[in-house]
Amino acid sequence: MQELKLGVRQNSTTTSKLSFAIVTPSYAPDYERCQLLSWSISQFVSPTVTHYIVVDRRDLQLFNQLKKPNTEIITVESLIPWWIQRVPFLKNGWLSLKTPPIRNWLLQQIVKNAIVEHVPQDILVFADSDTALIRPLNLNNFIRDGEVRLFREPGVDTDEVFLRWHRTSHKLLGLPAKVNSSAPGFIGNFITWKRDNVLKLHQHLEEISGRSWVETLASCWHLSEYILYGEFVEKVLKKESGHYFDAEKMCHEYWNPQLMTQQELQKFFTKINPQYKAVMISAKAGISVGQYENLLKSVPVP
630 MQELKLGVRQ NSTTTSKLSF AIVTPSYAPD YERCQLLSWS ISQFVSPTVT HYIVVDRRDL
690 QLFNQLKKPN TEIITVESLI PWWIQRVPFL KNGWLSLKTP PIRNWLLQQI VKNAIVEHVP
750 QDILVFADSD TALIRPLNLN NFIRDGEVRL FREPGVDTDE VFLRWHRTSH KLLGLPAKVN
810 SSAPGFIGNF ITWKRDNVLK LHQHLEEISG RSWVETLASC WHLSEYILYG EFVEKVLKKE
870 SGHYFDAEKM CHEYWNPQLM TQQELQKFFT KINPQYKAVM ISAKAGISVG QYENLLKSVP
930 VP
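Going by my numbering, the sequence shown opens with residue 630, and the numbers climb by one from there.
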């Protein structure tokens with residue numbers, strides 16, 4: 630695997646070389662979206678950066694069509710322990726011999742954590758299948774004075790679901806149970822994690838729970854991997870994390886689960902901030918890639 634070596638100024642005498650990877654968990658229903666993302670990465674990211682696409686073994690043949698010199702397809706089964714198994718009668722989950730059955734969305738969060746134990750790159754950039762780049766993305770811009778960008782919006786998570794995710798994170802991390810009614814937001818697109826921090830997170834989870842980190846996360850009912858990592862960085866690692874916080878978005882987003890008409894799609898694409906590097910149209914909206922692919926590929930590139 631090739632790595633992008635970036636010279637990063639830390640001080641007047643020290644230079645650190647960091648490597649990047651882009652990680653995308655996906656599955657068959659999102660294949661066309663992932664195909665568009667893969668195309669956009671080829672267009673707008675250095676070819677020396679590896680893109681890892683993680684799919685169930687049953688979808689491997691389909692996604693192998695996206696393999697390129699800088700694109701690797703990894704199976705979920707190669708990342709998870711033996712005691713988690715896909716079984717036919719659990720359509721929306723996985724059988725676990727050590728925890729309750731694991732829902733698909735929770736397993737995806739476990740997979741994002743597990744991949745750090747299988748890839749060598751220093752910084753992981755998570756990009757979901759329903760995102761696509763529209764302009765060049767220089768990963769060097771995620772580094773500032775030797776620290777890595779971590780998306781964090783101050784005091785935006787006021788919905789009960791988000792607050793529940795924060796409370797779960799506090800419990801897993803051994804932090805005070807009380808969570809402010811307005812908690813910081815760590816959820817977004819093209820989220821950057823440091824590999825060594827994730828390994829520290831796993832060790833911390835095991836010290837608190839007395840079980841493996843996989844068992845610990847698999848036993849959760851409410852969990853956000855991005856909030857868990859963000860809370861760990863902010864409240865446990867603190868200044869030792871090697872991150873700086875940044876609330877600036879880089880993606881033009883459509884989160885609503887409702888369809889857009891072709892006219893609404895055209896209007897959506899005309900409102901893209903000139904500074905944005907990507908577009909996200911939620912798969913939950915049920916809008917086919919064919920409805921907006923040409924619009925996306927026609928976005929002006931400075």
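In this text, a Cβ means the ideal position worked out from N, Cα and C, and glycines have one as well. These numbers come from a predicted model, not from an experiment.
Exposure of residue i, with buried meaning 16 or more beta-carbon neighbours within 10 Å
i, result
"Asn640", "Note that Asn640 scores a pLDDT of 34, beneath 50, so its modelled location is shaky; the value from the coordinates is reported in the next line. Its Cβ having fewer than 16 others within 10 Å, Asn640 is exposed."
"Glu854", "buried"
"Ser811", "exposed"
"Leu888", "exposed"
"Arg846", "Checking the sequence shown, residue 846 turns out to be Leu, not Arg. With 16 or more other Cβ atoms within 10 Å, it is buried."
"Ala907", "buried"
"Glu661", "exposed"
"Thr679", "buried"
"Ser798", "buried"
"Lys634", "Note on Lys634: pLDDT 33, under 50, position unreliable in the model; no value is reported."
"Gln738", "buried"
"Leu736", "buried"
"Lys741", "buried"
"Trp734", "exposed"
"Trp794", "buried"
"Leu647", "buried"
"Arg778", "buried"
"Pro813", "buried"
"His747", "exposed"
"Arg824", "buried"
Proximity below 7 Å, CB of residue i to CB of residue j
i, j, result
"Ile731", "Gly722", "yes"
"Leu719", "Ala743", "no"
"Phe898", "Ile856", "no"
"Ile702", "Ile682", "yes"
"Trp842", "Leu834", "yes"
"Ala756", "Ile837", "no"
"Ile910", "Asp759", "yes"
"His851", "Val862", "no"
"Ser848", "Thr728", "yes"
"Gly817", "Phe874", "no"
"Pro676", "Asn693", "no"
"Val808", "Arg796", "yes"
"Val745", "Val674", "no"
"Thr704", "Leu689", "yes"
"Asp685", "Ala912", "no"
"Tyr921", "Met879", "no"
"Glu776", "Ala876", "no"
"Leu691", "Ala657", "yes"
Beta-bridge partners of residue i, as assigned by DSSP
i, result
"His881", "Val908"
"Leu888", "Answer is none; Leu888 lacks a bridge partner."
"Ser725", "Ile713"
"Cys755", "The amino acid occupying residue 755 in the given sequence is Phe; Cys does not appear at that position. In the DSSP output, where bridge partners are listed per residue, Phe755 has Val652, Ile820."
"Tyr681", "Val652, Glu701"
"His777", "Looking at the sequence provided, one finds Val at residue 777 rather than His. The partner list for Val777 (beta bridge, DSSP) reads Ile772, His872."
"Thr760", "Met909"
"Ile731", "Trp723"
Integer-rounded CB distance, given that residue j should sit under 8 Å from residue i
i, j, result
"Phe925", "Ala761", "A small correction: the amino acid at residue 925 is Leu; Phe does not occupy that position in the sequence shown. 6 Å between Cβ atoms; contact."
"Arg764", "Val930", "5 Å"
"Phe819", "Val918", "Rounded, the Cβ-Cβ distance is 19 Å, inconsistent with contact."
"Leu830", "Phe649", "Actually they are not in contact, since the Cβ atoms of Leu830 and Phe649 sit about 19 Å apart, beyond 8 Å."
"Thr653", "Leu665", "Not a contact, Cβ separation roughly 11 Å."
"Leu802", "Glu860", "6 Å"
Contact test: residue i Cβ vs the ligand ADP heavy atom, cutoff 6 Å
i, result
"Ala812", "The ligand ADP is not part of this structure, which contains no ligands at all."
**OP:** Within the segment 850 to 875, note down every full alpha helix (DSSP H) run reaching 4 residues or more, in order along the chain.
**Re:** 854 to 860
**OP:** Scan the segment 783 to 859 and note each continuous beta strand (DSSP E) run of 3 residues or more that stays entirely inside, going in chain order.
**Re:** 812 to 814, 820 to 823
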